[in-house]
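When you read off a place in the sequence shown, starting at 1, and then add 1, the result is the number in the working numbering. Written out below as structure tokens is the structure these notes cover.
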Amino acid sequence: MKLPDVQAHRAPRPFRLTRVGVTGVVKPLRVARHGRANHLVGTFDVFVDLPAEQRGTHMSRNIEVVNRVIDEHVRKETASLEDLASGIVHALLERHEYAAEAEAHVSADYFRERRTPQNQAPTLERYQLVASATATREGAERRTIGVEVIGMSACPCAMEGSRAILASKGHAVEGFPTITHNQRNVATLIVETPAGHSVEADELIDIAEASLSAPTYELLKRGDETALVMHAHENPRFVEDVVREMLHAVTTRYARLPGDTLVVARSEAEESIHKHNAFAERTTTLDELRS
């Protein structure tokens with residue numbers, strides 16, 4: 002017996018919807034890059050637009066597309082998450098003949114081996130990769146790759162206030178880091194990858210981590226802890242400073258990318274002396290930054 006296609010019925014309220022789909026689809030991935038294979042667990046959000054006259058989208062097609070494209074890319078050894086997202090959006094447009102646009106987002110935890118600041122002990126550190134792709138039936142496409150990095154920021158304001166008070170009491174503090182409060186800071190950096198260009202996630206991690214007052218580590222012995230705190234206090238930064246450091250590094254590192262390349266830099270600090278967080282962000286293009 003053929004069941005009715007209720008999704009294809011006419012919508013009782015005919016308004017176009019810009020994004021309809023599924024979120025939180027979790028799948029295992031294997032990304033091979035520069036001779037190294039990374040086994041990841043990816044979380045996918047995939048969408049198409051929906052015409053005003055159509056009541057619903059066919060949700061199961063989204064899952065079928067994600068499964069098929071992942072299988073194809075695993076056999077070919079996917080080079081990047083943004084390549085995978087690109088394959089998904091084009092497959093979505095094939096399966097949803099009524100859609101004019103498609104969008105896919107994928108995020109995954111990613112681990113890199115680091116060395117602690119003083120003892121140089123090996124430690125495995127977690128980062129998050131975020132990739133996306135959008136495509137239209139007319140052929141336009143945009144892809145991005147980005148990272149979220151957890152680190153540390155030390156407040157310049159409290160430091161200068163502490164220095165002024167200590168100096169007024171006769172302490173020789175000029176040129177030395179002094180007392181301040183710290184935050185766990187999440188730095189996000191996203192860069193568009195135009196056709197014919199690629200951006201390494203490892204490079205973005207390095208940029209974001211260097212823009213903070215200091216990185217953080219899962220493993221810290223006493224000497225490492227002291228070295229880390231000293232380093233952070235020698236580099237006090239507001240969230241605004243973190244964002245501007247990332248933007249500066251992007252303009253120098255990616256001079257080869259076209260001027261209309263999209264860049265998103267964000268910093269959010271979990272405040273230690275407030276119940277709220279501090280936040281700064283810039284969404285821009287390389288041309289705007291270069292000017």
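All C-beta atoms in this analysis are idealised placements derived from N, C-alpha and C, irrespective of residue type, glycine included. From a predicted model like this one, the values you see are computed outputs, not experimental measurements.
Exercise. According to the neighbour-count rule (16 or more other Cβ atoms, all chains shown, within 10 Å of its Cβ), is H106 buried or exposed?
Worked result: buried
For this session: May I ask you to report which of helix, strand or coil DSSP gives Q8?
Result: helix
Exercise. Whose CA, out of R37, V21, S268, T79, lies closest to the CA of G43?
Worked result: T79
Exercise. For the stretch 78-149, which segments carrying the alpha helix (DSSP H) assignment without a break, of at least 4 residues, lie completely within its bounds, in sequence order?
Worked result: 82-96
For this session: State buried or exposed for M60, treating a residue as buried only when at least 16 other CB atoms are found within 10 Å of its CB.
Result: exposed
For this session: May I have a chain-ordered list of the beta strand (DSSP E) segments no shorter than 3 residues that lie completely inside the stretch 237-287?
Result: 263-271, 278-286
Exercise. Are at least three pairs of beta-carbons, each pair with one atom in the stretch 268-276 and one in the stretch 237-244, less than 8 Å apart?
Worked result: yes
Exercise. What is the DSSP secondary structure of H234, reduced to helix, strand or coil?
Worked result: helix
Exercise. Taking C-beta to C-beta, are E142 and A134 nearer than 8 Å?
Worked result: yes
Problem set entry | Of the listed residues L30, E83, G152, nearest to N68 (C-alpha basis) | L30
Exercise. Taking C-beta to C-beta, are A101 and Q55 nearer than 8 Å?
Worked result: no
Exercise. Just curious, the alpha helix (DSSP H) that G162 is in, first and last residue?
Worked result: 157-169
For this session: In angstroms with no decimal places, state the Cα-to-Cα distance between G152 and V47.
Result: 30 Å
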